[in-house]
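The numbering of the sequence shown is my numbering, which starts it at 438 and goes up by one.
C-beta: ideal position from N, C-alpha, C; glycine also.
All figures in this text were calculated on a predicted structure; none of them were measured in a lab.
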Amino acid sequence: MSVSSPPLTELRSLLTGTLALPGEPGYELATPWNVAVPMTPAAVVAAHDANDVAATVRFANDHGLRVLPQRTGHGAVHMDLDDTLLVHTANLDELQVDPVNRRARIGAGVIWQQVLDATAPHGLAPLVGSAPGVGVVGFLTGGGIGPLTRTYGLASDTVLALEVITGDGRLLRATPTEHADLFWGLRGGKGTLGVVTAVELTLLPLAQVYGGALFFNGTDASGVLHMWREWTQDLPEHANTSIALLQLPDMPGVPAPLAGRLTVSVRFTSTATQIECEQLLAPMRAVADPIIDTLGLLPYAAIGAVHMDPTDPMPVYETSGLLRELAPETVDALLDAAGQGSGSPQFIVELRLMGGALAREPEHASAFCHRDAAYSLLVIGAAVPEIAELVASHNATVQSALAPWLTGGEFPNFGATTGVARMMRVYDEDTRMWLTGLAERHDPKGVLRVGQTVRV
Ligand SMILES: Cc1cc2nc3c(=O)[nH]c(=O)nc-3n(C[C@H](O)[C@H](O)[C@H](O)COP(=O)(O)OP(=O)(O)OC[C@H]3O[C@@H](n4cnc5c(N)ncnc54)[C@H](O)[C@@H]3O)c2cc1C
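Have a look at this one:
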């Protein structure tokens, strides 16, 4: 696309923020956290406020363009962006904490760690995911699964209001009583229905949790995984856990005992007392000698320490799935595909225990589906040219090894891709139909029809 067709300089004059064309300073904001995904939009709009977002969406309506919101690029997906204006939201950085009413108002440019740091002095906290470096809005529009999901439910179930620029360029406020259909659809529908500019949510009285991880040698993977399977069959709701077969590269930041070899990490987070937690964890601690044990009381603001997800940008290829059960045969199949001696090139093959509060319908229904999943699956490898093909084909091997136990569903936030097949996995038929209808009403020209959206 050339600068004059359509005249993007005209949009520039409508903005308080900036617009960068390819090669201009500011265009590099499009580079996502997942650096394996090339993001080459027609222009990058660094929105200053909701008016800038609205102006961009209206301009796109008038000129046959599309609009894609991005904050960190943790959820970047491969797509053709020649006719797309990427709205970078970092400058929508409003963050107000109301400790009396236990609420926060959060701009779309804010990442979770900023909210954790602002709420911790009040002994309050939001429900966050395993990596507090992701954007609040990207996470919430995908439901938001985290280290306390079994205890308190989905993060998006704590949302009280969302402000959104719809595909036809209007600023609307969605709550359970105003634009309730958008309130339903924005919580789970990702960017299908609009560019969210701010959210308001309930904070929980959470200053401290018990959490951390036990790391075992790869040679103990079989015993550890089988014990974890048994152990997770009847854990109380205060207990949250995941297990990961890790093969972390030998690089700065990776503890030496974990670098360059297979290890197994059992993550745990709970709101119960230390004594209760340690009693509950005894069988996992006894299954083999942990090489690292980080379990203990933890300020909730440091919750990122439980999973120790990477923070620096990385090139990754990721797929996800949901399991209806974890049988001993499931564990054997997983170990054959990704355990010791399997030749797996993956960084992480992870199972998270679901259930508990997640499985219950919240007070206000949302477009998030598959609350009944027993476990989630994530397979993540390095998308670097030397091994990209191997990583992708082995990823498919893991998926087919577990196929007998997979539900066919996926959560919106994990393994993001575009396309109809993905949408069929993320949403049930009714939800897809309702989201599509809402998108047609609020975005008749399909301006937001880009990325992981229901209308593809
Ligand atoms: C290391 C890592 C750990 C993760 N851990 C978890 C986890 O524990 N639980 C979990 O649920 N997810 C997790 N995720 C997934 C993450 O929540 C999603 O990728 C989320 O989309 C990231 O949001 P973002 O804004 O940071 O990313 P971006 O790539 O900037 O945005 C991704 C998508 O979110 C939507 N979006 C972003 N901003 C807006 C907006 N203003 N309005 C409307 N839609 C918007 C759009 O669809 C956009 O394409 C993890 C991802 C990574 C890479």
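Go ahead and pull the three-state DSSP assignment for residue i.
| i | result |
| --- | --- |
| Arg542 | strand |
| Thr556 | helix |
| Ala876 | helix |
| Pro782 | coil |
| Gln777 | coil |
| His525 | strand |
| Val832 | Looking at the sequence provided, one finds Asn at residue 832 rather than Val. Helix at Asn832. |
| Leu445 | helix |
| Gln551 | helix |
| Ser439 | Residue placement at Ser439 is poorly supported in this model, since its pLDDT is 46, which falls under 50; the coordinates are not used for a value here. |
| Leu771 | helix |
| Leu643 | coil |
| Leu451 | helix |
| Gln889 | coil |
| Leu518 | coil |
| Glu847 | coil |
| Gly460 | coil |
| Arg869 | helix |
| Glu823 | coil |
| Glu787 | strand |
Give me the Cβ distance between residue i and residue j, rounded to the nearest whole Å; I'm assuming they're in contact under 8 Å.
| i | j | result |
| --- | --- | --- |
| Leu609 | Val601 | 6 Å |
| Gly780 | Pro569 | About 33 Å; that fails the 8 Å criterion. |
| Ser593 | Gly581 | 5 Å |
| Ala650 | Pro736 | With a Cβ gap of about 16 Å, Ala650 and Pro736 do not count as contacting. |
| Leu815 | Phe851 | 6 Å |
| Leu456 | Val474 | With 8 Å as the limit, Leu456 and Val474 do not qualify as a contact, their Cβ atoms being about 22 Å apart. |
| Arg704 | His744 | 6 Å |
| Thr731 | Thr588 | The Cβ separation is near 20 Å, so there is no contact. |
| Glu637 | Arg722 | With a Cβ gap of about 41 Å, Glu637 and Arg722 do not count as contacting. |
| Gly888 | Leu505 | 5 Å |
| Asp657 | Ala725 | 4 Å |
| Phe848 | Gly818 | Rounded, the Cβ-Cβ distance is 19 Å, inconsistent with contact. |
| Thr493 | Leu522 | 6 Å |
| Leu529 | Asp486 | 7 Å |
Is any non-hydrogen atom of ligand 1 found closer than 6 Å to the C-beta of residue i, if you look at the structure I gave you?
| i | result |
| --- | --- |
| Ser567 | yes |
| Arg508 | yes |
| Ile582 | yes |
| Lys627 | yes |
| Phe576 | yes |
| Gly758 | no |
| Val474 | no |
| His511 | yes |
| Thr453 | no |
| Ala894 | Because the chain here runs from 438 to 893, residue 894 falls outside it and cannot be looked at. |
| Asn850 | yes |
| Asp746 | yes |
| Val691 | no |
| Val633 | yes |
| Gly579 | yes |
| Gly888 | yes |
| Thr526 | yes |
| Val571 | yes |
Along the chain, where does the beta strand (DSSP E) that runs through residue i open and close?
| i | result |
| --- | --- |
| Leu940 | As shown, the chain starts at 438 and ends at 893. That puts residue 940 outside it, with no answer to give. |
| Thr455 | 455-457 |
| Val816 | 812-819 |
| Ala483 | 480-483 |
Please list the terminal residues of the continuous alpha helix (DSSP H) segment that includes residue i.
| i | result |
| --- | --- |
| Val884 | From DSSP, Val884 is part of no alpha helix (DSSP H); its letter is neither H nor E. |
| Val532 | In the sequence under discussion, the amino acid at residue 532 is Leu, which differs from the Val named in the question. From DSSP, Leu532 is part of no alpha helix (DSSP H) but of the beta strand (DSSP E) over 532-535. |
| Phe496 | 487-500 |
| Arg859 | 857-863 |
Would you say the beta carbon of residue i is closer than 6 Å to some non-hydrogen atom of ligand 2?
| i | result |
| --- | --- |
| Gly622 | Ligand 2 is not part of the structure shown, which contains ligand 1 as its ligands. |
Exercise for review: Could I get the ranges of all uninterrupted beta strand (DSSP E) runs contained in the segment 647-711, with 3 residues as the minimum, in chain order?
Suggested key: 676-684, 699-707
Review point. Could you give the uninterrupted runs of the alpha helix (DSSP H) lying entirely in the segment 709-763, keeping only those of 4 residues or more?
Key: 711-723, 741-744
Practice item. Within the segment 557-640, note down every full beta strand (DSSP E) run reaching 3 residues or more, in order along the chain. Key: 596-602, 608-611, 632-639
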